[in-house]
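Just below is one structure, and these are the notes that go with it.
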Amino acid sequence: MQIHQLTGKQGSGSTTVACAIVEGLHLQGFKALLVMPTEHEAEFARKYRINTGQVMSTRQFDRVMTALTIRQLDAIVFDGFDRMTWRDGCPLARLNHMSTGGAPVPRQVFTFVNQP
Numbered sequence: 097m098q099i100h101q102l103t104g105k106q107g108s109g110s111t112t113v114a115c116a117i118v119e120g121l122h123l124q125g126f127k128a129l130l131v132m133p134t135e136h137e138a139e140f141a142r143k144y145r146i147n148t149g150q151v152m153s154t155r156q157f158d159r160v161m162t163a164l165t166i167r168q169l170d171a172i173v174f175d176g177f178d179r180m181t182w183r184d185g186c187p188l189a190r191l192n193h194m195s196t197g198g199a200p201v202p203r204q205v206f207t208f209v210n211q212p
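Per the working numbering: the sequence shown = residues 97 to 212.
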């Protein structure tokens, strides 16, 4: 599992870049998922013209993190990572735990961290 952390100021366009990465991977035939702290992921999908099924709120993602659908992904992009709250710990720690346990996890993970 390769982790790419990108930082930027809030309002600098990180969500646009995150969406572009997901859409670019999708167009190349990869299964990618955008995870964001909002509960309005369908609105974001329309705004950024990406497939609704490629966007998930943190709450949804937390519920299905160990599910088969997550294991079938090629990449996960976390947007607004600093603002994300999780029920039982950081998703990267959990993904690392899954990978060391031999569970199939996405090869690429991108995190966008907003700096103040």
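Virtual Cβ for every residue (Gly too), placed ideally from N, Cα, C.
Since we're looking at a predicted model, the values are computed, not measured.
Checklist line | Distance between Q204 and M194 (C-alpha atoms, nearest Å) | finding: The count along the sequence shown starts at 1 and reaches residue 194 at position 98. The count along the sequence shown starts at 1 and reaches residue 204 at position 108. Cα to Cα, the separation comes out at about 14 Å.
Item checked: is_contact[I146, chain C] using C-beta, thresh 8 Å -> Among the protein chains of the structure shown there is no chain C, as only one such chain exists.
Next item on the list: Could you check how far apart the C-beta atoms of P200 and I172 are, in whole angstroms? I think they sit under 8 Å.
Entry: If you number the sequence shown from 1, residue 200 lands on position 104. If you number the sequence shown from 1, residue 172 lands on position 76. Contact flag wrong, Cβ pair sits at about 13 Å.
Note to self: Distance check for C115 and E137, CA to CA, integer angstroms please.
What the structure shows: Translated into the one-based positions of the sequence shown, residue 137 becomes position 41. Translated into the one-based positions of the sequence shown, residue 115 becomes position 19. Rounded to the nearest angstrom, the two C-alpha atoms are 12 Å apart.
Next item on the list: Evaluate G149 with the Cβ neighbour count: other Cβ atoms within 10 Å of its Cβ, from every protein chain shown; 16 or more gives buried, anything less gives exposed.
Entry: One-based indexing of the sequence shown puts residue 149 at position 53. Counting Cβ neighbours within 10 Å, G149 comes out exposed, since fewer than 16 surround it.
Check: In terms of alpha-carbon separation, which member of G107, M97, H100 lies closest to N210?
Finding: What you label residue 210 is simply residue 114 of the sequence shown in a count that begins at 1. If we check each option's Cα against that of N210, G107 comes out closest.
Next item on the list: Could you tell me which of V131, T207, I99 sits nearest to V160, measuring between CA atoms?
Entry: For the purposes of this step, residue 160 is taken as residue 64 along the sequence shown, with counting starting at 1. With distances taken between Cα atoms, V160 lies closest to V131.
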